[in-house]
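Listed in order, the protein sequences are those of chains G and Y.
In terms of the numbering used here, the first sequence opens at residue 83 and continues consecutively.
In terms of the numbering used here, the second sequence opens at residue 323 and continues consecutively.
Think of the CB as a built atom: it goes at the ideal place given N, C-alpha and C, for glycine as much as any other residue.
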Amino acid sequence: MTAMDPILFGDNQFFGVNHMSEGKARAQAMRFRDTAAVIGVLDEAYAEGIRTFMCTTHERMAEVCDHFRENREKYPGYKFYPCMPYAHKYANAAAERGVLEAVRSFLPEGNAVGALLRGGVSFARKDVEGLAELLVDAEMKMFAGLETPVIFLQNVATDFLLGLGFDEAFRMFADCVRSRYGAEPGFITMNAPRLLGALEKVGIDNPIICANINKIGFRMCGGQPAYEELIAQGRCRMVAMSVFASGALPPEEALQYVCRQPQIESIVFGASSRRNIAHTRRLIEELRAQ
Amino acid sequence: MLRAAVVGLGKMGLSHHSIVRMHPQIELRAICDTSSYVLDVLAKYTGVRTYADWREMLAQEPLDCLFVATPSRYHAGVVGAALERGLHVFCEKPFGLDPQEGYRLADQAEQRQLVNQVGYHFRFVATFAEAKRLLDRQLLGKVHHVRAEAYGPVVLRPKGTTWRSQSAEGGGCLFDYACHAIDLLNYLIGRPRAVSGTVLNRVFSSDVEDEIYSTLHFSEGLQGQLATNWSDETHRKMSVKLSIWGTHGRINVDRQEIQVYLRELRQPFESFKPGWNIRYTTELTRPVWFYLRGEEYSAQVDHFVQCIAQGTPALSTFRTASDTNLVAALMRRDAGKARTLVDPRNIAGAPQEAAEASTRRSRSFARTIFDRLTSPGQPS
């Protein structure tokens, strides 16, 4: 088991995601129109000692990956934690072409599973596994040759499958990223207490779970006490996200709450300026040292 | 425990299936869809009972309530049959295609005292609920203008093969997008009495409109405008925004935040102060028991369950959804109507070339109207 860095860099700020303000989201989308601007901020984070980029498999990420492949020597020890799938891509395709056609459109051309899907032929168990592998492969293509020690399933996918009771899909995902990419599976969720039970049921022990953990309990489904209990029990490797509750909390107060819980292995945060990156890093290090 | 089933497993049906199954007061008995692949996979891996025919499902399964998420043109048939069997019904928006049929089903559900809800989830978004609360408290004084906007990236090229791109099946920006904005207007301001100047415009689609612009007439002294466009990828996902002007101030509200400007406060009201008051979704949103895509999707399902438990009417009913369809129907009728344009020839002393240019424009406009009226499959 390889440890994760205590600080991971997130990517919401690069793709116009802001849970508090559409105006801010648009300003960010304008600022990061060019991939060079994204790489500029990643360089600043790197200079602050942040070596892991936890990023969505957004199509624009391919250019970032190209840059890191071409400039390998500049970034020793750099790691990507891909988070898949980029859900809007599937949701938009599903609205345009229907659910099955959408899935098929992301599979390689002329693939046998894709052909079966098109025919609506019913599936044997191993075909669904095969389909899962193909979808993971399609999302992972852009990271070829880069270090990806942890691969995450995005919360929309995780929580959707959790709701359906399709727990076996978590095992398929875990098997696939372990066997094909030598990586550890991770699961992003808004329903961490419930998810852990489902993962344990299909034999995924001590899983990496990335969930909202913040002082105001924003999007901590199941309730803040259940999360605190989960963290204290140490049955999973916790990555805390949305620690600032989308900016609703001042940084000091927000990080005090998170760092008070030593069982949290990593904190993921996004920022757009060197000053903010440095400030957050320093706060986390100081609070963790206490 | 309420015994429930889901009919139609497209994008919304699958999402409802996932949320409904997690509700602590619901026992999900069965699901129904025409895709044998989706049914096979779900049956194999989750053990849920599946049906290819909803009539058979209704006949076989003992149910208390039904979630309907089929394409819109099947809504009326499924909902009517469910009401006949005495089931409480949650139906995905826009609730059929025909307001008359919608009102008939509303009558039927009300007579039988069955909870009837339509999935206009924006009514459950905390910021819009807050706007409703403030408007009901008359914080803005007399409201005199409202603007509703909805933009998003649904149709970005001339393609599309699902029912959403077929006008006869309830596709198009009017039913898919504009209805959300209209429903919010109906909820917050009241149903407009009439509409005028409606434009249904195609950007990429061949059979349906991609944008809608319309003027709304409410009570005396209150007008509004609607602007919706689903071919706008500058928004990552559907974005709905309302701006409301009153004699005491203004409200801007979208999914993330509510901005309230107050000219003055005659008497103290909570923590509000003159000038801008801004509140974010992070402080307004109440937690839900299970989260998928947004609190509002879970909140509306829970609301349905609580209405059944307490025998109270839902916040978004067959009747309010039919009101929304009625306004959409007014817009479609208005857009297809020949209209009188005012151009510089109506203005004494206007420059000649301006008048000529305007004639060319109005010819092309007339052509558009003609094309629209004569194109096949377009409801009038």
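Just to confirm my understanding: we take residue i, look at its own chain, exclude 5 residues before and 5 after, and list those with CB closer than 7 Å. What are they?
| i | result |
| --- | --- |
| Y:G512 | F540 |
| Y:L496 | L522, E531, I534, A650, M653, R654 |
| G:H101 | S328 |
| G:Y263 | M222, T230, I233 |
| Y:H443 | E618, Y619, Q622 |
| Y:I341 | F612, L614, Y619, S620, V623 |
| G:S204 | Reliability fails at G:S204, whose pLDDT of 46 lies under 50, so the model's placement of it is uncertain and the value that follows must be treated cautiously. Contacts found: none. |
| Y:Q545 | H467, T537, L538, H539 |
Spatial neighbours of residue i within its chain, please: CB distance less than 6 Å, with the 5 preceding and 5 following residues excluded, ordered by chain position.
| i | result |
| --- | --- |
| Y:E471 | A549, K563 |
| G:H140 | F97, Y168 |
| Y:C387 | L324, A326, L409, H410 |
| G:Y339 | K297 |
| Y:R371 | A352 |
| Y:A643 | F417, V440 |
| Y:D576 | K563 |
Output the distance between the C-alpha atoms of residue i and residue j, rounded to the nearest integer angstrom.
| i | j | result |
| --- | --- | --- |
| Y:G671 | Y:T662 | 20 Å |
| Y:T604 | G:E282 | 31 Å |
| Y:R343 | G:L246 | 7 Å |
| G:R142 | Y:W552 | 22 Å |
| Y:H625 | G:F255 | 34 Å |
| Y:G494 | Y:S487 | 6 Å |
| Y:Q435 | Y:I630 | 10 Å |
| Y:R608 | G:F326 | 18 Å |
| G:D373 | Y:Y396 | Nothing about residue 373 of chain G can be read from this structure; chain G reaches only from 83 to 372. |
| Y:Q581 | Y:N438 | 32 Å |
| G:D116 | G:Q110 | 11 Å |
| G:M86 | Y:S337 | 33 Å |
| G:E211 | G:I270 | 21 Å |
| G:E183 | G:Y172 | 10 Å |
| Y:P514 | Y:C501 | 13 Å |
Under 9 Å between C-beta atoms, does residue i make it to chain A?
| i | result |
| --- | --- |
| Y:G494 | Chain labels in this structure do not include chain A; the protein chains are G and Y. |
So, does the CB of residue i fall closer than 9 Å to a CB anywhere in chain Y?
| i | result |
| --- | --- |
| G:S204 | Confidence is the limiting factor: at G:S204 the pLDDT is only 46, short of 50, which leaves the residue's position unreliable, though a coordinate-based value still follows. Yes, contact with chain Y. |
| G:K142 | Here residue 142 of chain G turns out to be Arg, not Lys, going by the sequence shown. No, G:R142 does not count as interfacial toward chain Y. |
| G:R115 | no |
| G:L244 | yes |
| G:D376 | With chain G running from 83 to 372 in the structure shown, residue 376 of chain G is simply not present. |
| G:F248 | yes |
| G:I298 | yes |
| G:V238 | yes |
| G:M302 | yes |
| G:F97 | yes |
| G:S103 | yes |
| G:S348 | no |
| G:V210 | yes |
| G:D257 | no |
| G:M166 | no |
DSSP on residue i, reduced to helix/strand/coil?
| i | result |
| --- | --- |
| G:C165 | strand |
| Y:C413 | strand |
| Y:R459 | coil |
| G:P267 | strand |
| G:C303 | coil |
| G:A353 | coil |
| G:V232 | strand |
| G:Q343 | coil |
| G:C292 | strand |
Answer yes or no: does any C-beta atom of chain G fall closer than 9 Å to that of residue i?
| i | result |
| --- | --- |
| Y:G699 | Because the pLDDT of Y:G699 is 44, which lies under 50, any placement of that residue in the model is unreliable, and the question is left without a value. |
| Y:G441 | no |
| Y:G463 | no |
| Y:G332 | yes |
| Y:E605 | yes |
| Y:G369 | yes |
| Y:H410 | no |
| Y:Y703 | The requested residue 703 of chain Y does not occur in the structure, where chain Y is confined to residues 323 to 702. |
| Y:I534 | no |
| Y:E579 | yes |
Excluding five sequence neighbours on each side, which residues of the same chain lie with their C-beta closer than 8 Å to the C-beta of residue i?
| i | result |
| --- | --- |
| G:T84 | P231, E266 |
| Y:D656 | V517, S518, G519, T520, S536 |
| G:A314 | Q343, Q345 |
| G:A239 | M166, P167, A169 |
| G:I132 | D87, I89, L90, F91, I359, R363 |
Kindly give me the distance between the Cβ atoms of residue i and residue j, rounded to whole angstroms, as I take these residues to be in contact under 8 Å.
| i | j | result |
| --- | --- | --- |
| G:N304 | G:A274 | One point to set straight first is that residue 304 of chain G is Gly, not Asn, in the sequence displayed. Correct: roughly 7 Å between the Cβ atoms. |
| Y:L606 | Y:A374 | Their Cβ separation, rounded to whole angstroms, is 43 Å, which puts Y:L606 and Y:A374 out of contact at 8 Å. |
| G:C258 | G:E215 | 5 Å |
Regarding residue i and the ligand ATP, is the C-beta to nearest heavy atom distance less than 8 Å?
| i | result |
| --- | --- |
| G:R363 | Among the ligands in the structure shown, none appear at all, so the ligand ATP cannot be discussed. |
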